[in-house]
Structure formats: structure tokens, C-alpha cells
Amino acid sequence: MPVFNPPRASSLIGQASTSCMRKFTIHFRRPKNLKQKKDAPPYKGEYGFDWLRDEYIYPMEWVFYDEVHDIDNPLPINKYKELSLNPENLKTEYLKDIIDPIKPHGQDYYPAWLSIFACDVEGNNTDAGSDMHKDGVYLDLQLDEIDTIIDDETEIFFEPSDPCLKITPEKISISEFLNTLKKDRKLNEDLGGPVIDYYLLENAVRIMCQGDTLKKPGKINVIAKLGQCKSEVGQLMVYENDKIGKANIVVVNVITKDTNNQKVIPQTHPSLNDLYNNQSFNQAMIKVNIKVTENFDLVALYNKTKDKDIIDFLNDILDTNYITSQKPDPNNPLETIYASDDIKRRLIDLYQKYGKNTPKDNKKIHDEGHYNTYMLFIDVKPTFNGESTFGSADLRKDNTKYEWGNIFVIYQEGLKDDYTIVHEAAHTFTLPHTFENTDYEVNPTLNNKHIFYYGYTENYMDYKDHLISDSPFQTDQNKYDRNMYSFFKWQWDLMRKDEKSIKLPKKQEE
Numbered sequence: 036m037p038v039f040n041p042p043r044a045s046s047l048i049g050q051a052s053t054s055c056m057r058k059f060t061i062h063f064r065r066p067k068n069l070k071q072k073k074d075a076p077p078y079k080g081e082y083g084f085d086w087l088r089d090e091y092i093y094p095m096e097w098v099f100y101d102e103v104h105d106i107d108n109p110l111p112i113n114k115y116k117e118l119s120l121n122p123e124n125l126k127t128e129y130l131k132d133i134i135d136p137i138k139p140h141g142q143d144y145y146p147a148w149l150s151i152f153a154c155d156v157e158g159n160n161t162d163a164g165s166d167m168h169k170d171g172v173y174l175d176l177q178l179d180e181i182d183t184i185i186d187d188e189t190e191i192f193f194e195p196s197d198p199c200l201k202i203t204p205e206k207i208s209i210s211e212f213l214n215t216l217k218k219d220r221k222l223n224e225d226l227g228g229p230v231i232d233y234y235l236l237e238n239a240v241r242i243m244c245q246g247d248t249l250k251k252p253g254k255i256n257v258i259a260k261l262g263q264c265k266s267e268v269g270q271l272m273v274y275e276n277d278k279i280g281k282a283n284i285v286v287v288n289v290i291t292k293d294t295n296n297q298k299v300i301p302q303t304h305p306s307l308n309d310l311y312n313n314q315s316f317n318q319a320m321i322k323v324n325i326k327v328t329e330n331f332d333l334v335a336l337y338n339k340t341k342d343k344d345i346i347d348f349l350n351d352i353l354d355t356n357y358i359t360s361q362k363p364d365p366n367n368p369l370e371t372i373y374a375s376d377d378i379k380r381r382l383i384d385l386y387q388k389y390g391k392n393t394p395k396d397n398k399k400i401h402d403e404g405h406y407n408t409y410m411l412f413i414d415v416k417p418t419f420n421g422e423s424t425f426g427s428a429d430l431r432k433d434n435t436k437y438e439w440g441n442i443f444v445i446y447q448e449g450l451k452d453d454y455t456i457v458h459e460a461a462h463t464f465t466l467p468h469t470f471e472n473t474d475y476e477v478n479p480t481l482n483n484k485h486i487f488y489y490g491y492t493e494n495y496m497d498y499k500d501h502l503i504s505d506s507p508f509q510t511d512q513n514k515y516d517r518n519m520y521s522f523f524k525w526q527w528d529l530m531r532k533d534e535k536s537i538k539l540p541k542k543q544e545e
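Residues 36 to 545 (our numbering) make up the sequence shown, in order.
Below, the structure is given as C-alpha cells:
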């Protein structure tokens with residue numbers, strides 16, 4: 036999002052500005068397609084890029100219901116709303132960690148954040164390097180008019196903060212923007228304005244980090260020059276990439292069927308390594324190691340141990356009433372057992388007891404210090420009110436606090452679903468839903484810094500649909516469904532602070 040208050044023209048249309056140069060701001064934006072890859076496929080999380088979207092702080096999106104404050108009793112809204120429930124706090128968030136913030140032409144400015152790995156790293160930190168972004172990443176440039184721009188030979192220069200941070204080309208003429216179609220966007224759909232006129236130069240610049248790492252956030256300043264006049268009109272912040280987090284994933288295929296001595300192993304995602312390291316957690320400078328894959332055979336375990344807990348579990352998941360969350364709860368006859376949570380709880384207990392790759396030194400799965408995250412695949416389809424559960428992470432209550440654990444379960448419907456497999460893993464790395472209403476001030480570990488309406492963003496931690504009618508009940512797809520590949524910058528920070536799951540290299544002595 037470019038500005039706090041919408042830009043206003045400093046001169047009447049058609050008249051020259053009183054300054055020596057026309058006024059405008061430049062913003063880096065994520066392209067729809069990746070020029071650096073063969074056939075320019077659409078973005079799927081290959082690098083981190085976050086910015087303050089207009090629709091988060093201006094009433095630009097039609098919101099049907101407030102499903103945040105009471106999901107069981109959603110309140111109808113049915114009007115254009117800002118997607119953030121607290122736009123002022125969100126604006127403040129996007130001013131954090133900015134080096135030498137700017138206010139070009141008096142306009143509040145919120146730089147975008149880019150997160151890429153360094154390549155060709157030399158010296159004692161080669162482990163932080165990666166070939167992932169060795170070809171650089173291309174970004175769009177968006178020019179927002181304050182004055183009506185003309186071809187007056189203004190040039191736009193890019194000045195990186197660090198020698199390893201490289202951008203090509205090093206300058207662009209204003210005429211290149213004028214060769215594209217001028218567009219406009221309304222910041223208030225109800226009022227029909229204010230309107231920002233802008234130009235979008237697609238795949239305009241290529242950025243890479245080469246030869247060394249960024250030990251603190253870097254930046255690229257954007258300077259407009261005309262003759263002796265110059266003005267800083269934009270910035271891009273680049274996330275530090277000197278300390279790469281490491282996460283270990285233990286993959287557990289839960290076997291619940293053995294037909295004629297043919298074990299039925301869940302048919303799971305074909306490339307977890309690519310999903311976790313090239314489409315998701317790479318955005319937070321985290322490398323995921325698929326540590327081991329284990330077949331956890333409950334049928335064989337029962338035949339060996341005759342453990343009643345195992346046979347009861349195997350029988351229950353064949354019980355239609357149980358699996359559809361309609362079986363009465365023996366501890367509370369007025370309630371039924373919620374199948375997804377109950378299956379997860381019982382699986383965790385069984386794996387803790389019999390799993391081959393449980394933590395060493397008598398540590399429990401949810402203890403800190405072993406840095407393992409356990410992903411259990413099971414070919415079972417729990418439902419509630421007819422809706423399937425794709426996956427479930429373990430949110431535990433520890434005294435007065437809720438904390439995310441180190442294990443999650445992927446059910447039948449989510450076995451090959453990119454979004455679910457990342458979404459649930461991110462929960463274990465401490466991320467809540469984007470719409471989670473944290474009235475838990477005593478539970479800061481839930482980390483829900485900013486709340487958005489349910490089902491309207493492209494974030495991994497949002498949901499794929501939202502309510503459009505409660506009578507009759509009807510939902511509509513999130514417009515980003517199947518394209519939800521992004522994390523926010525503050526989510527990068529939160530995951531990297533998860534000391535139970537993410538191991539960061541120790542700081543070197545000065």
C-alpha cells in the first residue's frame with residue numbers, strides 16, 4: 036500500500052507543478068508471473084514478498100459477514116470494508132524495521148519487503164547460501180501519480196544499501212512508464228473515490244543477493260532525478276538472509292488397513308521437499324529437512340501388543356457415527372465426539388508410545404529442544420456437519436496459556452493438498468489463523484498480531500471460503516483459492532522465533 040492518505044495532485048491537471056519535477060511515488064510489486072522461470076508460470080511462493088495491500092486498509096472489498104468475533108453466530112455486514120479489523124495497527128506494523136523511513140512529497144510511505152536467499156556466498160557463511168534465487172527475481176514497478184507525469188526526461192535510479200544486493204537495470208526513464216497504459220484504482224468503492232492514477236511496468240527490475248549475505252535488513256532506495264533536482268520516491272526492504280532457520284519434519288504414514296497381507300499406505304504428497312523449501316517456508320528464510328519417513332503400522336502393532344487402545348481406535352474409525360462426529364461423548368452425554376480432534380489426540384498418544392522416531396532422552400513430542408515436527412498422514416475422512424476436515428494441528432492448553440504443539444495430522448481429503456500441508460505445519464511453527472480473534476491477552480504465544488475478515492486474503496493461514504448466507508447456509512470461495520501461497524512479513528518473524536521448532540545458528544562472537 037503506497038500512502039496513508041491518498042495522493043492529491045499538487046497542481047491543476049494540465050498545469051505544470053511548481054516544483055522542478057513532477058511528483059509521484061514508486062512501489063515495488065510482485066508480478067503475476069515469474070519471468071525468471073521457464074514459460075513464466077504464476078507465483079507459487081518461490082520467494083517472500085509482502086506489502087500493505089490497499090484492500091487491507093481501505094473499504095475496497097465486499098464483506099458479507101463478520102465471522103471473527105463469534106464464528107457460531109456470524110454478524111451480517113454486507114458492505115465494502117477494509118479487510119483488516121484494525122487498519123491503524125496494521126499501518127504501524129508496516130513501518131516497523133524500516134531503515135530511514137521516507138515521506139516522499141509529504142506522503143506516508145510503506146515499503147514492500149522482499150525475501151530471497153543469497154547465492155555464490157564466500158567466506159565462513161556458505162551454509163546460508165542457496166542456488167534458489169541465483170537467477171534473481173523480477174519485480175513490477177508501480178508509479179502512483181501525484182502530479183500528472185509527462186515525458187520530461189526524468190530518470191529513476193536504484194541505490195542498493197549493500198554491495199551484495201544487486202538490481203538491474205540501475206536506472207529507468209519515466210518514458211518507459213508512459214509507454215504503458217495508465218490505470219486507476221478506487222480506494223473507497225462506496226464513494227467511488229478517491230482514485231489513484233498509476234502506471235505498472237511489469238517485470239521491470241531484477242534483484243538478487245550475490246557473493247555475501249545480508250546480516251541486517253537491506254534496502255533499495257529509489258531516486259528520481261531531473262537536471263539538478265532529485266527526490267527519494269520509493270524504497271524496497273530486503274529481509275536479512277544471514278541466519279537460516281532449520282526445521283526437521285518427521286513424516287509418519289499411519290497404516291490402518293491390512294487387506295490380505297497388503298498394507299494400505301496413505302498416498303501422500305509427491306514432493307514435500309519442494310513444497311516446504313520452494314513454495315512456503317523459504318519465504319521466512321527457513322530450510323526444512325524431511326528427516327525420515329516412517330510407516331506406523333497400527334495393524335501390526337495390535338497383532339504384536341494386543342493393546343486395547345489400538346483395536347478400539349481401529350474399530351472407531353470404521354464407525355460411521357464416530358467418523359461423522361455423531362457418536363455421543365461418554366463424558367458428556369449432551370455432546371458428541373468431534374472426530375477430527377479425537378483422532379488426533381489418540382494418534383498422538385499411540386505414536387508417543389510406539390513410534391520409532393520419537394524424541395530422544397525421554398523427551399515428549401511437545402517438549403522443546405529436539406526440533407522435530409511430526410506430520411502424520413492417515414487415510415481417514417472425519418467430518419462435522421457434513422464438512423470434511425483436511426488437517427489438524429495440535430493446539431494445547433498449558434495452565435492458562437494455549438500453545439501450538441510439535442505435531443499435526445493430515446486426513447484423507449488433505450493428503451495431496453498443498454495448502455493444507457503447509458497451513459497445518461505453519462500452525463506448529465506458532466502461526467494462528469489470520470481471522471483468529473485473540474481475546475486471549477494472557478496467551479501471547481498465539482501470536483495473532485493482526486486480524487482480518489475470514490476467507491478474503493491470499494495468506495496461507497486464511498481459509499478457502501467465506502460465508503455469504505446463513506439462511507440458507509451458503510459459502511463462496513475465497514477469490515484466491517488455489518493461489519494462497521504467501522506469508523506476511525511479521526509471520527516470517529514469528530516463525531523464526533519459534534524456538535521449539537526452528538533452530539537458528541548461534542551468533543558468532545564479535
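The C-beta atom is built at its ideal place from N, Cα and C for all residues, glycine as well.
(request) Return the first residue and the last residue of the alpha helix (DSSP H) that Ser-210 is part of. (result) As a position in the sequence shown, residue 210 is number 175, starting the count at 1. Looking at the DSSP string, the run of the alpha helix (DSSP H) that includes Ser-210 is 209 to 213.
(request) Please confirm whether Lys-281 and Lys-538 have their CB atoms less than 9 Å apart. (result) Walking along the sequence shown from the start, residue 281 turns up at place 246. Walking along the sequence shown from the start, residue 538 turns up at place 503. Yes, these two residues count as a Cβ contact at 9 Å.
(message) On a Cα-Cα basis, can you pick out the residue from Glu-224, Ile-184, Pro-204, Arg-241 that is closest to Leu-216?
(response) Position 181 of the sequence shown, counted from the start, is the residue given in the question as residue 216. Per the Cα distances, Ile-184.
(request) Using the Cα positions of Ile-413 and Thr-303, report the straight-line distance between them to the nearest angstrom. (result) By 1-based counting over the sequence shown, the position of residue 413 is 378. By 1-based counting over the sequence shown, the position of residue 303 is 268. So the alpha carbons of these two residues sit roughly 9 Å apart.
(request) Output the distance between the C-alpha atoms of Ile-151 and Tyr-82, rounded to the nearest integer angstrom. (result) Within the sequence shown, residue 151 is the residue found at index 116, counting from 1. Within the sequence shown, residue 82 is the residue found at index 47, counting from 1. Taking the straight line joining both Cα atoms gives about 6 Å.
(message) Within 10 Å of its beta-carbon, does Gly-426 have 16 or more other beta-carbons around it, so buried, or fewer, so exposed?
(response) The residue given as residue 426 occupies position 391 in the sequence shown. Buried.
(request) Assign His-468 to buried or exposed, taking buried as 16 or more other Cβ atoms, counted over all protein chains shown, within 10 Å of its Cβ. (result) On the sequence shown, position 433 is the one that residue 468 refers to. When all chains shown are included, His-468 counts as buried.
(request) Use the C-beta contact count for Val-477: other C-beta atoms within 10 angstroms, 16 or more gives buried, fewer gives exposed. (result) Here the question's residue 477 lines up with position 442 in the sequence shown. Annotation note: pLDDT 44 at Val-477 (below 50); position unreliable, no value reported.
(message) Out of Tyr-274, Thr-408, Asp-186, Ala-335, which one is the CA nearest neighbour of Ile-134?
(response) Translated into the one-based positions of the sequence shown, residue 134 becomes position 99. Residue Tyr-274 is the option with its Cα nearest to Ile-134.
(request) Consult DSSP for Tyr-78 and reduce its assignment to one of helix, strand or coil. (result) Numbered from 1 along the sequence shown, position 43 holds the residue referred to as residue 78. If DSSP states are grouped into helix, strand and coil, Tyr-78 belongs with coil.
(request) Counting only the same chain and skipping the five closest in sequence on each side, list residues whose C-beta sits under 7 Å from that of Ile-503. (result) Here residue 503 corresponds to residue number 468 of the sequence shown, with the count starting at 1. Around Ile-503: Phe-99, Gln-509, Thr-510, Asp-511.
(request) Mind the definition here: the stretch 116 to 131 touches the stretch 149 to 167 only if three or more C-beta pairs lie below 8 Å; say whether that holds. (result) no
(request) Let me know if Trp-97 comes out buried or exposed under the rule of 16 or more other beta-carbons within 10 Å of its beta-carbon. (result) Residue numbering aside, residue 97 sits at position 62 when the sequence shown is read from its first letter. Result: exposed.
(message) Whole angstroms are fine: how far does the CA of Leu-271 sit from the CA of Asn-256?
(response) Position 221 of the sequence shown, counting from 1, holds the residue named residue 256. Position 236 of the sequence shown, counting from 1, holds the residue named residue 271. Looking at the two C-alpha atoms, the distance is approximately 7 Å.
(request) Report yes if the CB atom of Lys-532 is closer than 9 Å to the CB atom of Met-519, and no otherwise. (result) Your numbering for residue 532 matches position 497 in the sequence shown. Your numbering for residue 519 matches position 484 in the sequence shown. Against a cut-off of 9 Å, the Cβ pair of Met-519 and Lys-532 comes out as no contact.
(request) With distances taken Cα to Cα, identify the nearest neighbour of Asp-187 among Asn-397, Ser-210, Gln-387. (result) For the purposes of this step, residue 187 is taken as the residue at position 152 of the sequence shown. If we check each option's Cα against that of Asp-187, Ser-210 comes out closest.
(message) In this structure, how does DSSP classify Phe-316 when only helix, strand and coil are distinguished?
(response) Reading the sequence shown from its first residue, position 281 is the one you call residue 316. Looking at Phe-316 - three-state DSSP - the assignment turns out to be helix.
(request) Given a cut-off of 9 Å, decide if Ile-191 and Lys-260 are closer than it, judged by their beta-carbon atoms. (result) Working through the sequence shown from its first residue, we reach residue 260 at position 225. Working through the sequence shown from its first residue, we reach residue 191 at position 156. It is a contact, given that the beta carbons lie within the stated cut-off.
(request) Classify Pro-540 as buried or exposed, calling it buried when 16 or more other Cβ atoms lie within 10 Å of its own Cβ. (result) Counting from one through the sequence shown, the residue named residue 540 turns up at place 505. By the neighbour-count rule (16 or more Cβ atoms within 10 Å), Pro-540 is not buried but exposed.
(request) Would you list the residues sitting across from Glu-190 in a DSSP beta bridge? (result) For the purposes of this step, residue 190 is taken as residue 155 along the sequence shown, with counting starting at 1. BP columns for Glu-190 point to Ser-208, Lys-260.
(request) Would you mind giving the Cβ-Cβ distance between Asp-429 and Ile-442, rounded to the nearest angstrom? I have them listed as a contact below 8 Å. (result) Here residue 429 corresponds to residue number 394 of the sequence shown, with the count starting at 1. Here residue 442 corresponds to residue number 407 of the sequence shown, with the count starting at 1. 5 Å between Cβ atoms; contact.
(message) To the nearest angstrom, how far is the alpha carbon of Lys-395 from that of Arg-380?
(response) Numbered from 1 along the sequence shown, position 360 holds the residue referred to as residue 395. Numbered from 1 along the sequence shown, position 345 holds the residue referred to as residue 380. The straight-line gap from Cα to Cα measures roughly 21 Å.
(message) Using 9 Å as the threshold, is the C-beta distance between Val-299 and Phe-331 below it?
(response) Working through the sequence shown from its first residue, we reach residue 299 at position 264. Working through the sequence shown from its first residue, we reach residue 331 at position 296. For Val-299 and Phe-331, no; Cβs fall outside 9 Å.
(message) Helix, strand or coil for Pro-195? Go by DSSP, reduced to three states.
(response) To locate residue 195, count along the sequence shown from 1; it is residue 160. Note: Pro-195 maps to strand in three-state DSSP.
(request) Go ahead and label Cys-244 buried or exposed: buried means 16 or more other beta carbons lie within 10 angstroms of its beta carbon, across all protein chains shown. (result) Looking up residue 244 in the sequence shown gives position 209. Cys-244 comes out buried.
(message) Please state whether the Cβ-Cβ distance between Leu-546 and Leu-349 is less than 9 Å.
(response) Limits of the chain in this structure are 36 at one end and 545 at the other, which puts residue 546 out of reach.
(message) In the DSSP assignment, the beta strand (DSSP E) including Leu-385 goes from what residue to what residue?
(response) By 1-based counting over the sequence shown, the position of residue 385 is 350. Per DSSP, Leu-385 belongs to no beta strand (DSSP E); it is in the alpha helix (DSSP H), 374 to 389.
(message) For Pro-136 and Asp-143, I'd like the C-alpha separation in whole angstroms.
(response) Position 101 of the sequence shown, counting from 1, holds the residue named residue 136. Position 108 of the sequence shown, counting from 1, holds the residue named residue 143. So the two alpha carbons sit approximately 9 Å from each other.
(request) Please state whether DSSP places Gln-245 in a helix, a strand or coil. (result) Reading the sequence shown from its first residue, position 210 is the one you call residue 245. Strand.
(request) Out of Pro-66, Asp-376, Glu-205, point me to the one whose CA is closest to Val-444's CA. (result) Here residue 444 refers to the residue found at position 409 when the sequence shown is read from its first residue. The shortest Cα separation from Val-444 among Pro-66, Asp-376, Glu-205 belongs to Asp-376.
(request) Reducing DSSP to helix, strand and coil, say where Val-334 ends up. (result) Sequence index remark: in the sequence shown, residue 334 carries index 299 (1-based). Here Val-334 sits in helix by DSSP.
(message) Classify Cys-199: buried if its beta carbon has 16 or more other beta carbons within 10 angstroms, exposed otherwise.
(response) As a working mapping, residue 199 is identified with position 164 in the sequence shown. Buried, by the Cβ-count rule.
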